[in-house]
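All remarks here apply to the structure that follows.
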Amino acid sequence: MSSLIWVRGVMASRTRQRKVKLFFCIVIGILAMIYALFPVVWIFSASLDPLGALATQRLIPRNASFKNYVDLLSDPNNPFLRWMWNSTKISTVSSALAVFITALGAYAFSRFRFRGRRSLLVTILLVQVFPNMLAIVALFLIVQQIGNYIPPMGLNSHGGLILVYLGGVLGGNVWLMKGFFDSIPRDLDESAMIDGASHWQAFRWVILPLVRPMLVVIGILTFMGTYGDVILARVLIKSAEQYTLAMGLWMFIEGWYTVKWGLFAAGALMGATPIVVVFYLVQDLIVSGLTKGAVKG
Amino acid sequence: MSITGRARGLTRPLARFSGDVPRIAQRLLGLALVDAFALWFLHQVVIDGVWFLAAAVAIITLGINVVFWREDLYPLRWLSPGLALTLLMVVYPLFFTVYTAFTNYSDTHLLTKQQAIRVIETRQFLPQGAANYRWTAFRSPAGEYALWLVSEDGQMLLVRPGEPAQEVTPGEAGVGPLDQDGIPQSIEGYERLSRIDSVRYLSEVAELEFGQPPNTVHISSLDKAAQYQQKFVYDGSQGAMLDRETGRVYRAVEGVFTSPEGETLRPAFQVTIGWKNFRRLLISPALQGPLVRVFLWTVAFALLAVLTTFALGLFLSVVFNDPAIPAVARKLIRSLLLLPYAVPFFLSILIWRGMLNPHVGVINKTLGSLIGWSPAWLSDQWWAKVAILIINLWLGFPYMMLITTGALQAIPSEIYEAAEVDGASAWQRFWHITLPLLLVSVGPLLIFSFAFNFNNFNVIFLFNRGGPPMPNTPTPAGHTDILISYTFRLAFESGRGGDYGYASAITIIIFLVLALITLFQFRYARIWEEVSESV
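Heads up: the protein sequence lines correspond to chains A and B, in order.
If you use our numbering, the first sequence corresponds to residues 7 to 303, in order.
If you use our numbering, the second sequence corresponds to residues 19 to 553, in order.
If you want it as structure tokens, here you go:
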């Protein structure tokens, strides 16, 4: 009898404990949400505030309208749409080529055994420790030199920028993708090759369709990386016509925070929305790709 | 046994010679294109004496050729695009950085010696007693000019831009008969300009160089023209520039042609100057002061950035990993908390910069009305550092939350049950089980994160450009500058033009620090074993 009361008491204290814990979870959840979401909410409200000044902004704007959007898109001095197009073009080309190059490399590392394979893999990982932006001075000088002979690959050209971005793609991506290739049974491509397929055909028609999720993850991460790059674009690109979105918006707002805040907010939202939408569409892929990598170390 | 490159050759020996003819032709064509392009490029680069680029391109091209000809290197064909790009844009820049650190490469010493010589050799002078001519201009309908020159001793010449002067006899080669002034009435394809027209087109004609360089003719007045001569000639045996007008010799001194009297010729060019840049770095107290402070802040920032993002990310993933919370809610919370990771970071930083505006930003206005005080986020060095950590925390915690969630779920639950039976408290369980196990799996990522933040240029530069500035430094330096942003400013933003050699010397210090970190990582973080396991 008494032991039953004791059990009940423990149960009651457990549910109370659980309630307290849940309460804390909710409080922490709310605080974390405010921290994580407030800047986005605030910039959204700023973009709708027709006064467009940092000082007068309120959380719920008075006379909300799309004035900032209209003004920004019709400003001839700051070709916003042009910047967005430049960024989209550069990032698309870079990430498509990056995925292609990485997939080729990962296939070789996963399916062939050749001399120097291990040391090559390790070297590629080691080189990645030095991000190419570190050698920014050298890259600037190199692109300048190349541009003397091939202007579309030189300074102030998108070709030169893409070339520099592509230099850094092999590093970590090849590891990520090789792991994924390894998880696909060899029998699949080997049987295709017994049927007379070449390596290229086995790769193109058997392996690639199976690793599509990983290609998407690497493509999107590369896209986000190049879309957000500031330093390389800043050093290699000179004229406003050629700016990427990141550079253009930065130059636009730098020194003018108090007055151009609303216009900037509109631009920021338009620039971020496509990325955020795509990110959330493939969120599960990215999460599983990254967490797998984490657990594997 | 997998399919190896060599086995492929053995199992299909016939196919290599018969069925593969179109494929070999394809390969031949592709290689021919690559080689033709590389040769054209090399030719140009070698003329200008850009040796390092030439060597890099030559090595890459050679490598591609070898790989595509040798059957036993078949696997490397797959890697060739990636390796070629890595060599050109990562490895070559590393070597080039090291080389540049030992040169005086800067905006004033931009050209190679060959390029500088070529620029200087185009200069001209009017020699004493130079041939003087009376000129008459002829103009073609397309706006091209030719000059008819008559020297004082009656010699007649026809000159066009870029072509050597010709002695012509009137009545031949399209030149019409002479009038009473000794000037042809017509030249085929050109129209003779009257005096008035000559004046009208004078400015156009005056800009032109007639004849073939280096000895060209310029008009010097309304009716006079004179023959100019090349002023400087490079003498390879002395390694010096000779001035043909004054007879002076300019010797190359640290990348500038300098005469014994100390006069110099521009443009200067780049030469190696040994350890000078490093000596400046280590000895000059004016440079040393900021560099040491920048270095200390770089290390502190990278450490704090990893610690804060990891702590918050781990805390949130532990809290929301609780099975008591419904799975749907957990997923929703996690998705929403991922938002900072999804927004392009350059936008986030600029948004934070606006919100942290000390006078009219939302954060300081709120703080001001709540407690009547607010920090100077931009002008006070300590608050600027705090602001950067807050922004970086916002940018970085979702990633840490993601990877720790994955790692937490990989820890078997039996361990916790056993610990609970033994009476371990929640805190003990976290401290003695969760954290050690977690660090094993995410440890290498934390070190990667440290290396990343060590070079986290964006958050530093977009927020406050490394500011507030340190007072009285010879080169611009700020209190929140990290090594990479300090280097960037030296190379691209100092008022006197970029000092690439010195900036590269600092880059080498960053290389060394990163190399040490990597070494440490490979010694202690077990990554080697994992590499050998998974290979």
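Yeah, the Cβ is synthetic: ideal placement off N, Cα and C, and Gly gets one too.
Strictly below 9 Å CB to CB, what residues from chain A border F59(B)?
Residue 59(B) sits at position 41 when you count from the first residue of the second sequence. The answer, in chain order, is I152, Y155 and I156.
With DSSP as the reference, label D193(A) as helix, strand or coil.
The residue labelled residue 193(A) in the question sits at position 187 within the first sequence. Of the three classes helix, strand and coil, the one that applies to D193(A) here is helix, per DSSP.
Check whether the Cβ of F313(B) lies closer than 9 Å to any Cβ atom in chain A.
Position 295 of the second sequence, counted from the first residue, corresponds to residue 313(B). No, because no Cβ of chain A sits closer than 9 Å to the Cβ of F313(B).
What alpha helix (DSSP H) runs, 4 residues minimum, are completely inside the segment 120-150 of chain A?
123-134
Under 9 Å between the Cβ atoms of A155(B) and W166(B)?
Numbered from its first residue, the second sequence carries residue 155(B) at position 137. Numbered from its first residue, the second sequence carries residue 166(B) at position 148. Yes.
Looking at the C-beta of F364(B), does it have a partner C-beta in chain A at a distance below 9 Å?
On the second sequence, residue 364(B) is found 346 positions in, with the first residue counted as 1. With 9 Å as the cut-off, F364(B) counts as an interface residue toward chain A.
With 9 Å as the threshold, decide whether the Cβ of P93(B) is near any Cβ in chain A.
If you number the second sequence from 1, residue 93(B) lands on position 75. Taking Cβ atoms only, chain A reaches closer than 9 Å to P93(B), which makes this a yes.
Please confirm if D125(B) has its CB atom under 9 Å from at least one CB of chain A.
As a position in the second sequence, residue 125(B) is number 107, starting the count at 1. Not closer than 9 Å to any Cβ of chain A, the Cβ of D125(B) fails to qualify, so no.
May I ask you to verify whether the segment 54-67 of chain A touches the segment 38-46 of chain A, counting CB pairs closer than 8 Å and requiring at least 3?
no
State yes or no: is the beta carbon of D340(B) nearer than 9 Å to at least one beta carbon in chain A?
On the second sequence, position 322 is the one that residue 340(B) refers to. By this cut-off, D340(B) is an interface position.
T232(A) and I96(A) - do their beta-carbons sit closer together than 9 Å?
Residue numbering aside, residue 96(A) sits at position 90 when the first sequence is read from its first letter. Residue numbering aside, residue 232(A) sits at position 226 when the first sequence is read from its first letter. Cβ distance < 9 Å, so I96(A) and T232(A) count as in contact.
Excluding five sequence neighbours on each side, which residues of the same chain lie with their C-beta closer than 7 Å to the C-beta of A469(B)?
Counting from one through the second sequence, the residue named residue 469(B) turns up at place 451. Cβ within range, chain order: L532 and I535.
From G122(A), V283(A) and D235(A), residue whose alpha carbon lies closest to that of N92(A):
Mapped onto the first sequence, residue 92(A) falls at position 86. Taking only the C-alpha atoms, the option nearest N92(A) is D235(A).
Check whether L501(B) and V271(B) have beta carbons under 9 Å apart:
Taking the first residue of the second sequence as position 1, residue 501(B) is located at position 483. Taking the first residue of the second sequence as position 1, residue 271(B) is located at position 253. No; because the gap between Cβ atoms is not below 9 Å, this pair is not in contact.
Would you mind working out which of N476(B), P344(B) and I389(B) sits nearest C31(A), comparing C-alpha positions?
Reading the first sequence from its first residue, position 25 is the one you call residue 31(A). Of the listed residues, the one whose Cα sits closest to C31(A) is P344(B).
Residues of the segment 370-390 of chain B with Cβ closer than 8 Å to any Cβ of chain A, in chain order:
W370, R371, G372, M373, N375, H377, V378, G379 and V380
CB G194(B) to CB Q203(B), shorter than 9 Å?
Residue mapping note: residue 194(B) aligns to position 176 of the second sequence, counting from 1. Residue mapping note: residue 203(B) aligns to position 185 of the second sequence, counting from 1. Yes, the Cβ-Cβ distance between G194(B) and Q203(B) is below 9 Å.
Span of the alpha helix (DSSP H) around L80(B)
Residue mapping note: residue 80(B) aligns to position 62 of the second sequence, counting from 1. Per DSSP, L80(B) belongs to the alpha helix (DSSP H) from W69 to W87.
How would you write the range of the beta strand (DSSP E) that W253(B) sits in, first residue to last?
For the purposes of this step, residue 253(B) is identified with residue 235 of the second sequence, where counting begins at 1. The residue you asked about is not Trp; residue 253(B) is Asp in the sequence shown. That run of the beta strand (DSSP E) goes F250 to D253.
A117(B), DSSP secondary structure in three states
Translated into positions along the second sequence, residue 117(B) becomes position 99. The residue you asked about is not Ala; residue 117(B) is Tyr in the sequence shown. Helix, per DSSP.
Q256(B) (DSSP reduced to helix, strand or coil):
Walking along the second sequence from the start, residue 256(B) turns up at place 238. Residue state, collapsed to three classes: coil.
Work out the CA separation of F472(B) and T316(B) for me, nearest whole Å.
Here the question's residue 316(B) lines up with position 298 in the second sequence. Here the question's residue 472(B) lines up with position 454 in the second sequence. Looking at the two C-alpha atoms, the distance is approximately 6 Å.
At the level of alpha carbons, what is the spacing between L140(A) and T525(B)?
Start at 1 with the first residue of the first sequence, and residue 140(A) comes out as number 134. Start at 1 with the first residue of the second sequence, and residue 525(B) comes out as number 507. Going from the Cα of L140(A) to the Cα of T525(B) covers about 7 Å.
Along the segment 229-248 of chain A, what residues have a CB closer than 9 Å to any CB found in chain B?
M230, Y233, G234, D235, V236, I237, R240 and V241
What are the partner residues of V99(A), as DSSP defines its beta bridges?
Locating residue 99(A) in the first sequence gives position 93, counting from the first residue. For V99(A), which the question treats as bridged, DSSP gives no partner whatsoever.
In chain order, what residues of the segment 302-333 of chain B put their CB closer than 9 Å to some CB of chain A?
L330 and F333
For Q44(B), the first and last residue of its enclosing alpha helix (DSSP H):
Looking up residue 44(B) in the second sequence gives position 26. Unbroken alpha helix (DSSP H) run through Q44(B): V39 to I65.
Touching by the beta-carbon criterion (3+ pairs, under 8 Å), the segment 238-254 of chain B and the segment 80-100 of chain B
no
Using 8 Å as the Cβ pair cut-off and three pairs as the minimum, do the segment 406-422 of chain B and the segment 317-336 of chain B touch?
yes
Chain E residues whose Cβ lies nearer than 9 Å to that of R24(A):
Among the chains of the structure shown, chain E does not appear; the protein chains present are A and B.
If you measure from the beta carbon of P182(B) to each beta carbon in chain A, is any gap under 9 Å?
The residue given as residue 182(B) occupies position 164 in the second sequence. Not closer than 9 Å to any Cβ of chain A, the Cβ of P182(B) fails to qualify, so no.
Excluding five sequence neighbours on each side, which residues of the same chain lie with their C-beta closer than 8 Å to the C-beta of M253(A)?
Along the first sequence, read from residue 1 onward, the residue named residue 253(A) stands at position 247. Counting only Cβ-Cβ distances below 8 Å, and skipping sequence neighbours, we find W89, V236, A239, R240 and I243.
For a cutoff of 9 Å on Cβ pairs, would you count I213(A) as touching chain B?
Indexing the first sequence from 1 puts residue 213(A) at position 207. Closer than 9 Å: no.
In its own chain, which residues sit with a C-beta less than 7 Å from the C-beta of R24(A), not counting the 5 before and 5 after it?
On the first sequence, position 18 is the one that residue 24(A) refers to. Closer than 7 Å at the Cβ level, and outside the excluded window around R24(A), lies no residue.
Selection from A394(B), I421(B) and T126(B) that minimises the alpha carbon distance to R284(B):
One-based indexing of the second sequence puts residue 284(B) at position 266. The candidate whose alpha carbon is nearest that of R284(B) is T126(B).
Should L227(A) go down as buried or exposed, given a rule of 16 or more other Cβ atoms within 10 Å for buried?
To locate residue 227(A), count along the first sequence from 1; it is residue 221. By the 10 Å Cβ count, L227(A) comes out buried.
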